[in-house]
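Here is the structure we will look at.
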Amino acid sequence: MSRRSVVIAGVGGQGLITIGSVLGEALMAKNYNVSVGEIHGLSQRGGSVAVFLKYGEGAVSPVVTQGEADLIVGLELIETVRRLPLLKRDGSVVVNDFLLPPPASKSIPTRGELLSNLSRVKSYVVDARELALKAGSEIAVNMVMLGAALATKILDLDIPDIENLLSKRFKGDVLRVNMEALRLGYQSIKE
Amino acid sequence: MVKAIIAGSAGEKKLLLGNEAIARGALEAGISSATAYPGTPSTEIIEAIAEVARDYGIYVEWSTNEKVALEIGIGVSMMGLRALVAMKHVGLNVASDPLMSLGYTGVIGGLVVVSADDPNAHSSQNEQDNRIYGIHANIPVFEPSTVQEAKDLTRELFDLSEEFQMSVILRTTTRLAHSRSQVVFGEVVRPNREAVFHRDPEKWALLPPYNLAKHRDVLVKLDKLSEHLSSFRFNTVEKVDGDVAVVTSGVAYNYVKEALEELDLALSVFKLASVYPLPRKLALEALSYGKVIVVEELEPVLEWQLKVLAYEEGMKAEIHGKDLFPRVGELNKELVKAGLSRALGIRYEAPPAVMPSVELPRRPPVLCPGCGHRSTYYAVKIAAQRLRVKPVYANDIGCYTLGFYPPYQMADFTWSMGSSIGIGLGIARFSKEPVVAFIGDSTFFHAGIPALINAVYNRTPMLVIVMDNGITAMTGHQPHPGSGVGVFGEEKPAIRIEEVARAAGVKFVEVVDAYDIIAMRDAVERAIKYMREAGEPAVIVSRRPCALMVLREKRRRGESIKRYTVMKEKCINCGICVDRFACPAIVREGDGKVTIIPDLCTGCGVCATICPAKAIREVEVDE
Ligand code: SF4
Ligand code: SF4
């Protein structure tokens with residue numbers, strides 16, 4: 685049985701907690717021991733947020749520490765680079781190509797600087813907003829990223845595992861958009 | 279309808295948040311009432327119970343504050359029924375007055391008080407360790423280590439509370455309250471007891487002839503409980519050969535397990551779910567090892583108790599704890615690995631890490647795009663400039679506390695619920711500059727009113743700006759006495775802040791639309807002049823529903839959202855909208871030009887009104 689640690693990094697309001705709980709439920713359905721750590725509260729107001737997901741046999745605490753993550757799913761560039769120390773040397777990063785400068789901050793690294801930081805590890809860059817819009821709504825950015833995360837094959841999950849879950853959670857249009865976003869995100873890495 | 283998260287039959291397995299697991303445990307225990315004031319990280323307990331409360335005949339409410347919530351729980355227990363009361367750690371300070379006496383009286387119906395502590399102060403003003411409250415109040419304290427245990431322990435604590443006729447504190451921490459793991463459900467018990475008032479004046483009256491006897495009684499009870507707890511199934515020992523024992527509790531247990539695994543070490547582990555009183559027999563067993571390593575978050579609560587016991591019993595164990603692990607902030611596996619290695623004299627190296635090679639800006643939380651608090655701050659700042667005053671800005675607990683950060687910096691202090699007015703009163707007594715206190719609507723009801731009455735009664739000039747967005751926004755939109763709705767969204771009488779202020783005797787009371795910067799500015803100028811002349815307090819209610827909530831409502835109803843844009847040719851790049859107003863939807867692009875991120879804009883239109891070049895206008899969007 686594999687044992688994995690994932691960090692989902694981004695900004696409050698980007699739907700990180702949904703990604704964490706969907707992945708967690710899908711893994712639980714596969715009988716893994718799952719732990720998802722979240723920080724709520726202030727972080728809902730545009731602050732820096734990280735969700736930790738661990739699964740496998742034995743003890744799984746709700747915190748991922750330095751050099752432990754197999755995968756970082758980043759929804760914003762600065763926040764992704766901020767969590768780099770958590771990544772294993774041979775871990776992977778899937779990142780949304782989106783830079784949101786914190787309001788009223790003086791020195792903001794450029795997109796190029798951030799991307800070159802990420803290029804030091806195995807990383808995939810996704811234009812999640814464009815794909816989400818293609819699927820039907822900008823709100824589906826998190827589903828695009830979830831699809832991209834699956835395509836790395838680092839987690840013991842595949843598209844149908846998530847589709848099962850989504851069809852229990854959503855209906856109608858929302859379900860359709862989410863499914864499409866998931867698929868587009870998946871394909872963006874596959875190619 | 280999506281099924282309520284904590285609904286389900288015995289044997290069912292769900293991925294639950296620690297808080298939801300506590301809610302499920304209470305449901306399985308057959309509670310009759312659940313009361314709370316929202317506060318991170320405790321909020322989801324009541325939210326989860328509310329989803330099923332009607333089906334099971336449970337009374338549930340958001341109370342005005344934690345003291346009231348606890349008092350209701352005590353009353354319910356007097357009726358022989360089971361009650362859950364939930365709050366964040368600092369909330370227990372508010373409820374501490376009835377709590378301290380509750381330790382003496384004990385209970386009839388099971389009463390579990392959840393204290394959700396926040397090591398690392400992720401969203402709190404301090405890190406206080408409420409296990410110490412239990413010791414102080416003579417109330418037993420229990421701490422679960424996993425989400426499953428959070429459910430099971432909650433369930434059993436109701437039995438224990440009734441068996442010993444003591445209320446208990448269930449202490450959790452952020453990492454448990456907000457982590458998700460699989461939980462196997464047990465049987466749900468419907469509250470079917472008859473409610474009877476247990477008339478027993480001697481038990482319930484905290485009056486001179488009885489108080490000392492009660493104090494003596496509770497000490498005896500605690501001793502008995504300590505014996506009983508040595509066979510409590512949540513206190514476990516994992517024994518291996520060797521002369522080293524690790525004693526731990528709460529979420530730290532998981533870090534210990536992971537650390538031992540990674541260090542490839544085998545040590546005996548004593549996991550204590552009852553942190554006060556200590557299970558005496560188990561504690562002595564742990565102390566029979568040559569070396570005892572105590573791994574706990576925040577204060578050395580277990581360590582102190584073990585050291586006292588070891589001294590009393592003349593046991594020679596070498597006891598380690600806070601000499602190896604930090605007393606500040608949260609623990610994690612790496613800290614535990616480092617500490618254990620030091621205790622055992624093993625070399626330890628942190629795993630290699632990829633360090634960022636660019637400097638990253640901090641990202642403190644911000645007021646949302648479209649938030650009425652921002653425009654209120656902006657208007658107050660302009661008013662102060664026009665009056666040439668440098669107010670002392672007294673701030674309180676809520677989203678608006680974020681006005682502390684640049685560019686606003688309008689929180690000269692921020693303390694605890696209601697303190698902006700209370701502490702402000704002390705400053706206003708002596709300050710030449712005016713005191714402007716900001717307080718949210720929920721906080722006003724929670725603890726602001728007594729201080730406001732004081733301002734009137736003692737004629738203290740002070741401007742109180744109640745930033746009324748109609749909801750307890752910070753914790754995720756729970757209603758309060760001003761909201762006009764209850765815990766289920768059902769209609770309730772709405773108590774008007776302006777009427778409360780007038781009834782308290784405030785003569786200057788005005789209500790302003792928070793988006794209307796000019797109206798707000800003028801009201802502040804009038805108010806400051808008034809308080810200077812009359813020497814009395816003034817109140818302005820700055821009103822606008824929480825932008826986040828309005829946006830969610832619109833999305834749910836499928837309504838379109840207006841958006842604003844910067845007309846590049848008209849923009850003079852003055853920076854007012856981005857540097858001074860600082861709506862997070864407005865950013866500077868690579869070329870230094872100002873632009874609005876369409877996905878973030880909520881269409882409040884305030885930026886358009888403050889732009890001196892009239893360069894911002896509404897755009898048509900169809901979704
Ligand atoms: S949640 Fe509501 S009140 Fe809080 S910052 Fe956002 S808009 Fe303002
Ligand atoms: S209209 Fe202006 S101030 Fe309001 S949310 Fe949009 S960009 Fe921000």
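One line per chain: the protein sequences are A and B, in this order. The opening position of the first sequence corresponds to residue 685 in this note's numbering, with each subsequent residue numbered one higher. The opening position of the second sequence corresponds to residue 279 in this note's numbering, with each subsequent residue numbered one higher. A virtual CB, placed ideally from N, CA and C, is assigned to each residue, including glycine.
query	result
N-terminal and C-terminal residue of the alpha helix (DSSP H) that aspartate 430 (chain B) is part of	425 to 442
Residue-chain proximity (glycine 696 (chain A), chain B), Cβ-Cβ < 8 Å	yes
Host alpha helix (DSSP H) of leucine 849 (chain A) (start-end)	843 to 853
Closer than 7 Å: tyrosine 842 (chain B) CB and nearest ligand 2 heavy atom	yes
Cα-Cα separation, valine 534 (chain B) to valine 573 (chain B)	8 Å
Interface positions of the region 804 to 838 of chain A facing chain E (Cβ-Cβ less than 7 Å), listed along the chain	As a matter of chain content, chain E is missing from the structure shown, whose protein chains are A and B.
As assigned by DSSP and simplified to three states, the class of methionine 279 (chain B)	Here the model assigns methionine 279 (chain B) a pLDDT of 41, short of 50, so the residue's position is not dependable and the matter cannot be decided.
Beta-carbon proximity list for glutamine 698 (chain A), same chain, < 8 Å, skipping 5 on both sides	Val733, Leu759, Glu760, Val825 and Asn826
Coarse secondary structure for leucine 248 (chain B), derived from DSSP in three states	Here chain B comprises residues numbered 279 to 901, so residue 248 (chain B) is not present and cannot be evaluated.
Proximal chain A residues relative to alanine 628 (chain B), where beta-carbon distance stays under 7 Å	Gln750
Glutamate 349 (chain B) beta carbon less than 8 Å from that of arginine 453 (chain B)	no
Inter-residue CB distance, threonine 692 (chain B) and aspartate 674 (chain B) (contact presumed, cutoff 8 Å)	6 Å
For glycine 694 (chain A), three-class secondary structure by DSSP	strand
Interface residues of the region 456 to 486 of chain B facing chain A [CB-CB below 7 Å]	His456, Ser457, Arg458, Ser459 and Gln460
Glycine 650 (chain B): CB within 7 Å of a non-hydrogen atom of ligand 2	no
Whole-angstrom distance between lysine 366 (chain B) and arginine 471 (chain B), CA atom to CA atom	29 Å
CB contact below 8 Å: glutamate 797 (chain A) versus chain B	yes
Uninterrupted alpha helix (DSSP H) stretches inside the region 773 to 852 of chain A (no shorter than 4 residues)	795 to 802, 812 to 819 and 825 to 835
Alanine 792 (chain B) versus lysine 659 (chain B) - alpha carbon distance	14 Å
Supposed contact pair alanine 307 (chain B) and arginine 360 (chain B) - C-beta distance, whole angstroms, cut 8 Å	6 Å
Status (buried if at least 16 other CB within 10 Å, exposed otherwise) for glutamine 871 (chain A)	exposed
Proline 647 (chain B) beta carbon near ligand 2 (any heavy atom closer than 7 Å)	yes
Closest Cα partner of glycine 351 (chain B) within the set B:Gly369, B:Val385 and B:Leu490	B:Val385
Valine 884 (chain B): CB within 7 Å of a non-hydrogen atom of ligand 2	yes
contact_flag[the region 796 to 806 of chain B, the region 825 to 845 of chain B] where n(CB pairs < 8 Å) is 3 or more	no
8 Å Cβ cutoff met for threonine 450 (chain B) and aspartate 407 (chain B)	no
Closer than 9 Å at the beta carbon, the chain B residues around asparagine 801 (chain A)	Val632, Pro634, Ser635 and Val636
Alpha-carbon to alpha-carbon, alanine 551 (chain B) and leucine 868 (chain A)	47 Å
Alanine 860 (chain B): CB within 7 Å of a non-hydrogen atom of ligand 3	The ligand content of the structure shown is limited to ligand 1 and ligand 2, which means ligand 3 is not among them.
Residue span of the alpha helix (DSSP H) that contains phenylalanine 512 (chain B), given as start and end	Run containing phenylalanine 512 (chain B): none; DSSP gives neither H nor E here.
Run of the beta strand (DSSP E) containing glycine 740 (chain A), from where it starts to where it stops	732 to 740
For valine 765 (chain B) and serine 341 (chain B), the rounded distance between their alpha carbons	10 Å
Rounded straight-line distance, which links the Cα of proline 647 (chain B) to that of aspartate 840 (chain A)	38 Å
Inter-residue Cα distance where the pair is leucine 613 (chain B) and alanine 662 (chain B)	49 Å
Strand pairing of glutamine 756 (chain B), partner residues [DSSP]	B:Thr750
Neighbour flag for lysine 549 (chain B) against chain A, beta carbons, 8 Å	no
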